[in-house]
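What follows is one structure encoded as structure tokens, with my remarks underneath.
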Amino acid sequence: MKETWRIGELAKQTGLTVRTLHHYDKIGLFHPSYTTDAGHRHYSEDDLKQLHKIVLFKQLGFSLEEISQIMKDPDFDPLDLLQLQLTRLDEEIELRQTLRGKLTDIFQLLRSHQKVTSDQFISTIQMMKISYSGHFTQEQVNEMKKNLKLLKPDELKENEDKGQKLLANFRMEMEKGTSADDPVVLELAQEWKKRISALFGDFQGISRSAERYYIENPKQAAEFGMDAKLYQYIRTALARME
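When the count follows the working numbering, it moves up by one through the sequence shown with no breaks and lands on 310 for the last residue.
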């Protein structure tokens, strides 16, 4: 075999770029055996073997910092290394499976509606994101998915428009200073409760779940036109109905 390689030759041998090799040298991960007075790096056969190890560890998913620790540790145990990476892969597989389940649900919902607008597409994704947040029970999520599938495209659009109009009416009355127990506001609250129940079923349960979610995700609530002040106004009106 050739006794030494210059940096460009080594890059071709390993499939790395010269820039990457410079970076490895800079962070102290991999150095050439010697450098000429003119600044040219020369790498030995041992250097090449060392670089192949680094490439292998990178392919296994380890960071450069972890690889550096491995290379410098004389007591390195490959079993510990493999166990660590297997654990990481198991976690990644679980996350990927969860993501696949979410995407499948969204796909099925959108397919059942056939043609949907971009706004409806985003709205569906947002609703699924909320339902998978951990604040809602599996029964609530299943009920939502079931009821969404039953809606036709025009019904879905109409449902969204009514929801936004209802929030706008609540906000208008709140800004006018209308009391939360005024008959006009109570009528809006009745319609709000009816809409939520139709979509989720258990109004009291879904209200508690939604409240926990929006407390932790106020920006998400704002995207739907809801803020803390408006939510409290609606909540007070709903309490007056009980």
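Note that the Cβ used here is the ideal one computed from N, Cα and C, for glycine as well.
- Hey, how far is the Cα of His90 from the Cα of His110? 12 Å
- Local Cβ density within 10 Å of Val252, reported as buried at 16 or more and exposed below that: exposed
- Query: Using a Cβ-Cβ cut-off of 7 Å (strictly less than) and excluding sequence neighbours within five positions of Asp145, which residues of its own chain qualify?
  - Reply: none
- May I ask you to report which of helix, strand or coil DSSP gives Ser277? helix
- Query: Ser136 lies in the beta strand (DSSP E); which residues open and close that run?
  - Reply: That residue, Ser136, is in no beta strand (DSSP E); its alpha helix (DSSP H) goes Leu132 to Lys140.
- Task: Pair every Cβ in the stretch 251-266 with every Cβ in the stretch 233-242, then say whether three or more of these pairs are closer than 8 Å.
- Result: yes
- What's the gap between the Cα of Asp115 and the Cα of Lys80? 14 Å
- Query: Should Leu119 and Leu78 be called a contact, given that it needs their Cβ atoms to be closer than 8 Å?
  - Reply: yes
- State yes or no: is the C-beta of Ile161 within less than 8 Å of the C-beta of Leu132? no
- Where Ser265 falls: helix, strand or coil (DSSP): helix
- Message: Ignoring anything shorter than 3 residues, give me the beta strand (DSSP E) runs that lie fully in the stretch 99-131, in order along the chain.
- Response: 109-112
- Message: For Thr155, tell me which candidate among Gln176, Arg179, Gly169 and Phe130 has the shortest Cα-Cα distance.
- Response: Phe130
- Message: Going by C-alpha to C-alpha distance, which of Gly83, Ala266, Lys233 and Met139 sits closest to His99?
- Response: Met139
- What is the rounded straight-line gap between the Cα of Leu84 and the Cα of Tyr281? 47 Å
- Message: Taking only three categories from DSSP, how would you classify Thr72?
- Response: strand
- When you compare only the Cα positions, how much space is there between Gly107 and Pro142? 31 Å
- Task: Would you mind working out which of Gln153, Lys213 and Gln165 sits nearest Arg179, comparing C-alpha positions?
- Result: Lys213
- Check Phe144 in the structure and name its three-state DSSP category. coil
- Query: Of the residues Gln272, Val86, Ser112 and Ile302, which one's Cα is nearest the Cα of Phe204?
  - Reply: Gln272
- Query: Between which two residues does the alpha helix (DSSP H) containing Leu84 stretch?
  - Reply: It is not in any alpha helix (DSSP H) - Leu84 carries neither H nor E in the DSSP assignment.
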